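The sequence shown: position 189 = 175 (the numbering used here), numbered continuously. Glycine residues also receive a C-beta, built at the ideal position from the N, C-alpha and C atoms. As the structure is a computational prediction, the values presented were derived from the model and not from experiment. For reference, the structure discussed in these notes is given below.
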Amino acid sequence: MEHPVSEWHLTAEQARNMAEKIKNVEVLNTLAKQEINLTGGEASQNPDIVEICKIFQTITPHVCLHTNLDILSEKSKRWSRLVEIMKLNARVDITLYPTAWESSQKLFLEKMLKLQNKLIVNVVYESLLDLKNQIGLLQNFFQEKGIAHVTELLQTYSEKIATLTNEHPNCDDKIFTTHMGDIEAFASKPDFIFGISLLPAFNVDKNGYRGMTSLPFPRDKYLIGCPAARGSIDIMTIQQNGEMTPCCDVGNLKCQPKFGNVLKDSPHEIMERMETSMKVLASGIKKNHENLKSGKAGMQVEEGIPPYCS
């Protein structure tokens, strides 16, 4: 569906400024060369997204975009933008939405596979049964397409999840993780590379904060390890306003320490902010550990670190 252009859309000019700054900050440049992921909201709504993709490809050839693929017409501007992006050899990834699968996602995924030979699918699940059904949708799709190596991977997922739903329908996260074992996340052949990411769903309160437990495993605290608190920056999310956070989930986590503003700060200022904020992260996460041990899990700490970060 088409929606009004948001003032929060990144502009091409902002992207150019970001790209130049990224090239001049070593830690950002190193991360960017691995991959730049254009996501947040629905990136295909942005009228500048094709130009933005080209700009970031001056830093790295590994640029990808995430979409919900909830598109109703080939004449949609959103679809035209996605086609242009795939023609630039940037990867387009999707999140599976069962409610939109038959009406739009399935059709446009078929079209996508004619334009790109790589894909990552995010599967957000609220229960084991929900996960089983979503894996089934994907398995049937790739089986119909005759892509054997992907079908085989999804069959493995399906069998493991079916065992759990039959024998341990109310299992906890530990049993789930142990049972799934070291199952691969990718099925790779020269003609097509497929990746799948299983993401448990969470309740979000009226203030926009994510719950301590996930919906499929409500008895377990769902903790997120923070490499930055241990001195390692493995990912950096840059928001439209230029603010940076070393985490892939900044929406509902609401982590307060900022690592500089790539639009406003000099490279020197960014490095100083990073050093200071890493110390704040370490302090806050230490308190989170103490709260977990003392039965105070979920308590907000003054450093502004989400209570489930560890």
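For residue 230, the three-state secondary structure derived from DSSP is strand. The shortest CA-to-CA distance from residue 49 to any of 260, 73, 251, -5 is the one to 73.
Its chain contains 79, 181 as the residues whose beta carbon lies nearer than 6 Å to that of residue 106, once the 5 sequence neighbours on both sides are disregarded; these appear in chain order. Boundaries of the alpha helix (DSSP H) harbouring residue 263: 253 to 279, taken from the DSSP string.
Residue environment for residue 101: exposed (fewer than 16 other C-beta atoms within 10 angstroms of its C-beta).
In chain order, 296 place their CB closer than 7 Å to the CB of residue 211, counting only its own chain and leaving out the 5 sequence neighbours on each side. If only uninterrupted alpha helix (DSSP H) runs of at least 4 residues are considered, those enclosed by the stretch -11 to 18 are -2 to 9. Counting other Cβ atoms within 10 Å of its Cβ, residue 162 reaches 16 or more and is therefore classed as buried. Per DSSP, the beta-bridge partners of residue 199 are 207. Shown here for residue 213: same chain residues with a beta carbon closer than 6 Å to its own, the five before and five after excluded, namely 220 in chain order. The criterion of a C-beta distance shorter than 7 Å is not satisfied by residue 54 and residue 85. Counting the other Cβ atoms within 10 Å of the Cβ of residue 172 gives fewer than 16, which makes it exposed.
Residue pairing by DSSP places residue 79 opposite 52 in a beta bridge. For the set 31, 130, 270, 5, the Cα lying nearest the Cα of residue 22 is the one of 5.
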